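Numbering (the working numbering), first residue to last: 188 to 566.
Report on the structure given below.
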């Protein structure tokens, strides 16, 4: 038997049909209510997820590994916190209290240097957001406020390796003329002499002088291809590639006053030698060379770029300073300012952002004795 509308004695109201499902979990927000499916929200959520995955995929492996390590240390901190309080907290506990306690843990328990603590904060924040957690801005701001006085502590600064020292054109010449033979350590089982192949010597001269001239990062020098370095009447025009999302730039390089530190003549000498050894003229600018002088085909890695500069400094006897792959970038700015080069020219040459605190630190270092407070006052 079918029941009609008239049998009820009143007209039935039209019913709006929606996609919905009943939320039955007792502890879920809105338990027992009907959750209405919102297709717009679903599409936006899917796009957000895809965007996060894409941004993580294009992030350099070294950065991803570092952030993963920071997150692992965040987990170690939570284990330490559980021992002290007796209460386990989820890793998603990203609050002012946990972030400030994290700074204290890294400082007092791990005894990490301030720069490392700052990087850990950045890594934990980035990894938490990648995992879908919300990181309140006030939490990261509180952590950095807690870190600020630690940066002023000389005792804590000594925990780290310290800042990379700037190199000068004179240092480049000293490295270029360093002995090509290296004696083994006194404790070595065999008394052998390691001889640096000529192709390695030419490459290192070109690499180090070019790195200084364009204030190149290790990754940028690694990614340079031969066609990126064009010979012009004034010297070279170097198309420094984009790395880690930074914009590409064109860096003009002029002839130097000395052959051993002139990036133009060093590059031309190395390029002639590497092409004679079978390098691809359209391939990577800088190639690895083994101890027997055999040239590889894959590009020199970023770590290899940094090691080349540090190794040359060691052979040249430049001890007492921490010389790393970053020393060339610092050196261009400090040397340039001492020679009166315009700040904006130096900034554009190295690809620093206008508000980069590191860049302005280098500028201040280069200007330290310019119109010094004690100059010409009758002392």
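C-beta atoms are modelled at their ideal positions from N, C-alpha and C, and glycine is treated no differently.
Here the structure is a predicted model, which is why all the values come from computation and not from measurement.
{"Asked": "Quick check: what's the CA-CA separation for residue 343 versus residue 231?", "Found": "46 angstroms"}
{"Asked": "Less than 8 angstroms between the C-beta atoms of residue 247 and residue 431, yes or no?", "Found": "yes"}
{"Asked": "First and last residue of the beta strand (DSSP E) that includes residue 567?", "Found": "Outside the modelled stretch of the chain, which goes from 188 to 566, sits residue 567, for which no answer is possible."}
{"Asked": "So, under 8 angstroms CB-CB, residue 253 and residue 310 are touching, yes? Tell me the CB distance rounded to an integer number of Å.", "Found": "6 angstroms"}
{"Asked": "I need the boundaries of the alpha helix (DSSP H) containing residue 462, first residue and last residue.", "Found": "450-463"}
{"Asked": "Mapping the DSSP letters down to three states, classify residue 423 as helix, strand or coil.", "Found": "strand"}
{"Asked": "Check whether the stretch 524-533 touches the stretch 497-512, counting contact only when three or more Cβ pairs, one atom from each stretch, lie closer than 8 angstroms.", "Found": "no"}
{"Asked": "Please name the residue in 465, 469, 355 and 490 whose C-alpha comes closest to that of residue 480.", "Found": "465"}
{"Asked": "Pick from 242, 412, 394 and 335: whose alpha carbon is nearest that of residue 290?", "Found": "335"}
{"Asked": "Can you name, in chain order, every residue of its own chain whose Cβ lies under 7 angstroms from the Cβ of residue 303, other than the five neighbours on each side?", "Found": "347"}
{"Asked": "Taking just the CA atoms, how far does residue 306 sit from residue 250?", "Found": "11 angstroms"}
{"Asked": "Going by DSSP in three states, residue 417 sits in which element: helix, strand or coil?", "Found": "strand"}
{"Asked": "If you draw a straight line from the C-alpha of residue 445 to the C-alpha of residue 539, how long is it?", "Found": "28 angstroms"}
{"Asked": "Going by the CB atoms, is the gap between residue 315 and residue 322 shorter than 8 angstroms?", "Found": "yes"}
{"Asked": "How many Å lie between residue 386 and residue 361 at the Cα?", "Found": "18 angstroms"}
{"Asked": "Using CA coordinates, which residue listed in 475, 557 and 288 is at the minimum distance from residue 327?", "Found": "288"}
{"Asked": "Throw me the rounded Cβ distance for the residue 473 and residue 566 pair, which I believe falls under 8 angstroms.", "Found": "Contact flag wrong, Cβ pair sits at about 49 angstroms."}
{"Asked": "Work out the CA separation of residue 536 and residue 427 for me, nearest whole Å.", "Found": "10 angstroms"}
{"Asked": "Note down, in chain order, each residue of its chain lying with its Cβ closer than 7 angstroms to the Cβ of residue 493, except the 5 sequence neighbours on either side.", "Found": "405, 511 and 512"}
{"Asked": "Helix, strand or coil for residue 412? Go by DSSP, reduced to three states.", "Found": "strand"}
{"Asked": "For residue 478, which three-state DSSP category applies?", "Found": "coil"}
{"Asked": "Taking 7 angstroms as the cut-off, is the C-beta of residue 302 nearer than that to any heavy atom in the ligand COA?", "Found": "With respect to the ligand COA, the structure shown offers nothing to examine, as it has no ligands at all."}
{"Asked": "Which of the three DSSP states is assigned to residue 404 in this structure?", "Found": "coil"}
{"Asked": "For residue 471, does the three-state DSSP call read helix, strand or coil?", "Found": "strand"}
{"Asked": "Check each candidate in 354, 299 and 515 and name the one with the smallest Cα separation from residue 340.", "Found": "299"}
{"Asked": "Grouping DSSP H, G and I as helix and E and B as strand, with all else coil, what is residue 346?", "Found": "coil"}
{"Asked": "Which complete beta strand (DSSP E) runs does the stretch 219-303 hold, if anything under 3 residues is left out?", "Found": "221-223"}
{"Asked": "Roughly how many angstroms separate the alpha carbons of residue 274 and residue 227, rounded to a whole number?", "Found": "40 angstroms"}
{"Asked": "Is it right to say residue 295 is buried, meaning 16 or more other beta carbons lie within 10 angstroms of its own, or is it exposed?", "Found": "exposed"}
{"Asked": "Hey, how far is the Cα of residue 216 from the Cα of residue 229?", "Found": "Note on residue 216: pLDDT 49, under 50, position unreliable in the model; the coordinate value appears next. Near 18 angstroms, if we compare the C-alpha coordinates of residue 229 and residue 216."}
{"Asked": "So, helix, strand or coil for residue 382, using DSSP?", "Found": "strand"}
{"Asked": "Roughly how far, in whole angstroms, is the beta-carbon of residue 503 from the beta-carbon of residue 354, given that I think they are within contact range, below 8 angstroms?", "Found": "Wrong, their Cβ atoms sit about 10 angstroms apart, outside the cutoff."}
{"Asked": "In terms of residue numbering, what span does the alpha helix (DSSP H) encompassing residue 502 cover?", "Found": "489-502"}
{"Asked": "Find the nearest neighbour of residue 240 within the set 317, 542 and 278, judged by alpha-carbon distance.", "Found": "317"}
{"Asked": "What's the call for residue 429, buried or exposed, on a 16-neighbour Cβ count within 10 Å?", "Found": "exposed"}
{"Asked": "Quick check on DSSP: helix, strand or coil for residue 566?", "Found": "coil"}
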